[in-house]
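Same order as they appear, the protein sequences are chains A and B. For what it's worth, the working numbering labels the leading residue of the first sequence as -5, then goes sequentially. For what it's worth, the working numbering labels the leading residue of the second sequence as 542, then goes sequentially. Notes follow once the structure below has been shown.
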Amino acid sequence: MTVDLDLEGPAAPPRSNGELVFAEPWQSRAFGIAMSLTEAGAFTWDDFRDQLIHQISTWESHAASGDCYSYYDCWVSALETVVVAKGLVAPGSLRGRGVELLNRPAGYDHDHDHDHDHDHDHSHHH
Amino acid sequence: MSSELTVNDHIPIALRTEALEQLLVERGLVDPAVMDGFIKAYEQDIGPLNGAKVVAKAWTDPEYKSRLLADGTTAVAELGFKGPQGEHIVVVENTADTHNVVVCTLCSCYPWPLLGLPPTWYKDPAYRSRVVKEPRTVLIEMGLDVPATTEIKVWDSSSEVRFFVLPQRPAGTEGLSEEELVGLVTRDAMVGVAEVSAP
């Protein structure tokens, strides 16, 4: 579904308008999940959009002034609701997995700098 | 319907997303490679460039422009631009008398195959509510001072119709080729919050 596009030259400048499409990696994953499930027919785009509208309006009606709006927070909430409503994952399993991930042992994180000197000593000094 | 949201409130959003992906992948409902393909396509390949090509063609080919204004979806598909969120595209033309600006008041409906994914401000609650009530003021704040004699029309995109603005071709560009014109057209001009400037 992608189109061959010019990477350089006069046709290239309008591509980005200087803004990242996704501010953080999880946003791109959440986008990819919704796209994949829609393409696979697990739900329709309108199913998802209805829920996205619901989550956005809920946020707007509950937000205190100064609360920072996150579109992709609403996106993830919509996705959670739709996958449970469609029976794609069991109710409660998202929360259960989320808690497991939250309690993942420290040091699991693959994103840290592997160059530093790891302390494999079992005595902890934190 | 929002029970998952409520119970998950204390779990960071990145981990909620990771939990979703893990469970769906384990059940074979989502293929990470397919996800990567979608993400890469929208991060790197699909952007406002497609829309700019449509605009430049309409500026240089009157017959294409007629087709584009009569049936946007079919005319943009002629150039190979179709896909999710590309159904039911309606093109509105800016003239000296009328300036068009697009919003999605409920969420973020946007012609993805032409413009990529919407920018942050398009999704912002303030833009979504204010541009309907006080478009002239919002446009001035965004750097576009529409002449008082020009009417501003605000178009609310939805899943049924996604609006796309055909900006005015700037004066002084008569000698430019279609390809050179493509480079002038910005995303903001195709949403209607900016004009196209001559180089």
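No residue lacks a Cβ here, since even glycine has one placed at the ideal position from N, Cα and C.
- Leaving aside the five residues that flank valine 679 (chain B) on each side, the residues in its chain whose CB is nearer than 6 Å to its CB run, in chain order, Arg671, Val672.
- For asparagine 641 (chain B), the enclosing beta strand (DSSP E) covers residues 639 to 644.
- Close CB contacts of proline 711 (chain B) within its chain, under the 8 Å cut and outside five residues either way in sequence, are with Leu725, Glu736, Val737, Ser738, Ala739 (chain order).
- Following the DSSP letters along the chain, one finds glutamate 567 (chain B) inside the alpha helix (DSSP H) bounded by residues 554 to 567.
- In the structure shown, aspartate 44 (chain A) adopts helical secondary structure according to DSSP, grouped into three states.
- Taking a Cβ-Cβ cut-off of 7 Å, aspartate 61 (chain A) has no neighbours in chain B, whose nearest Cβ is about 10 Å from it.
- The beta carbon of alanine 689 (chain B) does not come within 9 Å of any beta carbon belonging to chain A, so the residue lies off that interface.
- In this structure, the CA atom of histidine 48 (chain A) is about 36 Å from the CA atom of threonine 636 (chain B).
- Contact annotation: the region 657 to 667 of chain B does not touch the region 711 to 721 of chain B, with fewer than three C-beta pairs closer than 8 Å.
- Cβ proximity to chain A below 8 Å picks out Gly621, Phe622, Gly624, Pro625, Gln626 from the region 603 to 631 of chain B.
- At least 9 Å separates the CB of alanine 100 (chain A) from every CB of chain B.
- Rounded to the nearest whole angstrom, the CA to CA distance from valine 571 (chain B) to lysine 598 (chain B) is 38 Å.
- In the displayed model, arginine 23 (chain A) falls within a helix according to three-state DSSP.
- Annotated three-state conformation of aspartate 697 (chain B) is strand, per DSSP.
- Glutamine 563 (chain B) and glycine 92 (chain A) have their alpha carbons spaced roughly 10 Å apart.
- Taking the beta carbon of aspartate 41 (chain A) as reference, no residue of chain B falls within 9 Å; the closest one sits roughly 11 Å away.
- By the CB criterion at 9 Å, leucine 46 (chain A) and alanine 560 (chain B) fall outside the cutoff.
- The C-beta of alanine 24 (chain A) comes closer than 9 Å to at least one C-beta of chain B.
- Contacts between phenylalanine 16 (chain A) and chain B, judged by CB atoms closer than 9 Å, involve Ile580, Tyr583, Glu584, Leu658 in chain order.
- Taking 3 residues as the minimum length, the beta strand (DSSP E) runs contained wholly in the region 672 to 728 of chain B are 692 to 697, 703 to 707, in order along the chain.
- Under the three-state reduction of DSSP output, valine 737 (chain B) falls in the coil class, being neither helix nor strand.
- Among the residues of chain A, none has a CB under 8 Å from the CB of methionine 683 (chain B); the nearest is roughly 13 Å distant.
- Only residues of its own chain outside the window of five on either side were considered, and among them Tyr583, Ile587, Gly588, Pro589 have a CB closer than 7 Å to the CB of glycine 657 (chain B), listed in chain order.
- In this structure asparagine 97 (chain A) is exposed. Its beta-carbon is surrounded by fewer than 16 other beta-carbon atoms within 10 angstroms.
- Here the C-alpha atom of leucine 73 (chain A) lies approximately 18 Å from the C-alpha atom of glutamate 54 (chain A).
- Taking a Cβ-Cβ threshold of 9 Å, the residues of chain A close to aspartate 572 (chain B) are Ser30, Ala34, in chain order.
- When 7 Å is used as the limit between beta carbons, glycine 81 (chain A) is near no residue of chain B, the shortest such separation being about 11 Å.
- In this structure, arginine 669 (chain B) sits near valine 644 (chain B), with a CB-CB distance shorter than 9 Å.
- Excluding the 5 residues flanking it on each side, phenylalanine 16 (chain A) has same chain C-beta neighbours closer than 6 Å at Ser22, in chain order.
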